[in-house]
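Undergrad: Quick one: the structure is below, questions incoming.
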Amino acid sequence: MEASLFGLEGKSFIVLGGGQGMGEATCNLLADLGANVAVLDIIGERAERVAADIVKKKNNVRSLAITADVLDDDALVAAIARAEKEIGPLDGMASIVGMAYMGSAIDIPMDLYDLDHQRNLRYIFLAAREVARNLIARGAPGSIVSVASVDGIQASTGHTSYGSAKAGLVHQAKSLAGEWSRYGIRVNVVAPGAMITPRVRPGTEEKERELMKLVPMQKRGGVNDIAKALVFFLSDLSAYVTGQTLPVDGGYTAVGPIDYSGFGAIKGVTGVAPK
Ligand SMILES: NC(=O)c1ccc[n+]([C@@H]2O[C@H](COP(=O)([O-])OP(=O)(O)OC[C@H]3O[C@@H](n4cnc5c(N)ncnc54)[C@H](O)[C@@H]3O)[C@@H](O)[C@H]2O)c1
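Okay, so the sequence shown: first residue is -7 according to the numbering used here, each after it adds one.
Laid out in structure tokens, this is it:
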């Protein structure tokens, strides 16, 4: 693929949760396309391994490992300032960190409800605003992209706090796109469906069969499917796209579970029912 098509050469990005899975795949793809990457993760060894691999494989890009907890406001702001200084100025950010409490709404403890909103929505606002403030101060355009979930588009039971936070992320991108388009800053979201990642493994054979009834493409996605979508939004390929959410879900959100072909039809004025 022609790297110049992406317009990423020489640009710099911070990836929050870049230490494994879709975050790691995003860091690697950005570096392959000539961008410098700050790899932030709460587990320092993960960030260091990803950054060291990039530096070893690519002599034309810079990479920096940052150990920080995105849920610590001061640490997050300081990490972005460090990335700006050491591999920046930053042209944007990808946020990957997110996790779900699973359980009935009747029983969810309020501290876990709050945690789901912090780790799937609140920290992303703070980080995006920090990156945007720096871009605006420099008068530079930029791109910000976050990982939501199909649960932020279509609700699932047992996922109230997570799904509502991810839906908030979808809405937040629209609001920020509205406010920051005048500065040339784009804000978009990628919504994964049923993926296989280092943290999320397949269920039992029966559970997987049930799940696949809802996925037209009949397979789970992988970390590279998400990395490609995130990099699309960070790159010039999406130069005229902002405030949008792209489901990467094998068709899950496009097609409902009802198969009308078995229902038959009655003859109407505009057509003839099949025999
Ligand atoms: N896995 C799926 O099937 C699936 C489906 C839909 C959406 N998602 C979303 O995709 C994203 C990634 O999920 P995953 O399963 O690939 O996760 P993951 O755990 O594999 O990757 C996340 C990375 O973030 C790091 N991290 C976790 N908490 C952190 C913190 N507080 N501060 C800094 N770093 C932290 C982890 O160490 C890890 O390296 C999440 O936002 C999740 O909600 C996943």
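For glycine and all other residues, C-beta sits at the position ideal for the given N, C-alpha and C.
Is it the case that the CB of Met204 approaches a heavy atom of ligand 1 more closely than 8 Å?
TA: Here residue 204 refers to the residue found at position 212 when the sequence shown is read from its first residue. No, the Cβ of Met204 stays beyond 8 Å of every heavy atom of ligand 1.
Undergrad: Quick one: what's Thr59 bridged to in DSSP?
TA: As a first step, residue 59 is located in the sequence shown; it is residue number 67 there, counting from the start. In DSSP, Thr59 forms a bridge with Asp33.
Undergrad: Please report the straight-line C-alpha distance between Ala124 and Val261, rounded to a whole angstrom.
TA: Translated into positions along the sequence shown, residue 124 becomes position 132. Translated into positions along the sequence shown, residue 261 becomes position 269. Rounded to the nearest angstrom, the two C-alpha atoms are 58 Å apart.
Undergrad: Starting from the C-beta of Gly242, find all residues in its chain whose C-beta is less than 7 Å away, skip the five residues before and the five after it, and write them out in chain order.
TA: In the sequence shown, the residue the question calls residue 242 occupies position 250. Cβ within range, chain order: Gly185, Val207, Pro208, Met209, Lys211 and Gly213.
Undergrad: Out of Asp61, Gly10, Thr18 and Ala23, which has the shortest C-alpha to C-alpha gap to Ile46?
TA: Sequence index remark: in the sequence shown, residue 46 carries index 54 (1-based). The option with the nearest alpha carbon to Ile46 is Ala23.
Undergrad: Check whether the Cβ atoms of Ser227 and Gly15 lie closer than 9 Å to each other.
TA: Within the sequence shown, the letter at position 235 stands for residue 227. Within the sequence shown, the letter at position 23 stands for residue 15. Cβ distance not < 9 Å, so Ser227 and Gly15 don't count as in contact.
Undergrad: Measuring alpha carbon to alpha carbon, tell me which residue in Cys19, Leu25 and Val192 is nearest Glu40.
TA: Numbered from its first residue, the sequence shown carries residue 40 at position 48. The shortest Cα separation from Glu40 among Cys19, Leu25 and Val192 belongs to Cys19.
Undergrad: With which residues is Pro190 paired in a DSSP beta bridge?
TA: Here residue 190 is taken as the residue at index 198 of the sequence shown, counted from 1. Note: Pro190 sits in no beta bridge, so no partner.
Undergrad: Should Val53 and Val29 be called a contact, given that it needs their Cβ atoms to be closer than 9 Å?
TA: Stepping through the sequence shown from its first residue, residue 53 is reached at position 61. Stepping through the sequence shown from its first residue, residue 29 is reached at position 37. For Val53 and Val29, yes; Cβs fall inside 9 Å.
Undergrad: Since Gly58 and Ala75 should fall inside the 8 Å C-beta cutoff, what is the C-beta to C-beta distance between them, to a whole number of angstroms?
TA: Mapped onto the sequence shown, residue 58 falls at position 66. Mapped onto the sequence shown, residue 75 falls at position 83. This sequence places Ile at residue 58; Gly is not what is there. That pair is a contact at about 6 Å.
Undergrad: Can you list the beta strand (DSSP E) stretches of 3 or more residues lying completely in the segment 134 to 186, in chain order?
TA: Counting only runs of 3 or more, we get 134 to 139 and 177 to 184.
Undergrad: Tell me which residue opens and which closes the beta strand (DSSP E) that Leu238 is part of.
TA: The residue labelled residue 238 in the question sits at position 246 within the sequence shown. Per DSSP, Leu238 belongs to the beta strand (DSSP E) from Thr237 to Val240.
Undergrad: The alpha helix (DSSP H) that contains Met204, what's its start and end?
TA: For the purposes of this step, residue 204 is identified with residue 212 of the sequence shown, where counting begins at 1. Here the alpha helix (DSSP H) through Met204 covers Glu197 to Met204.
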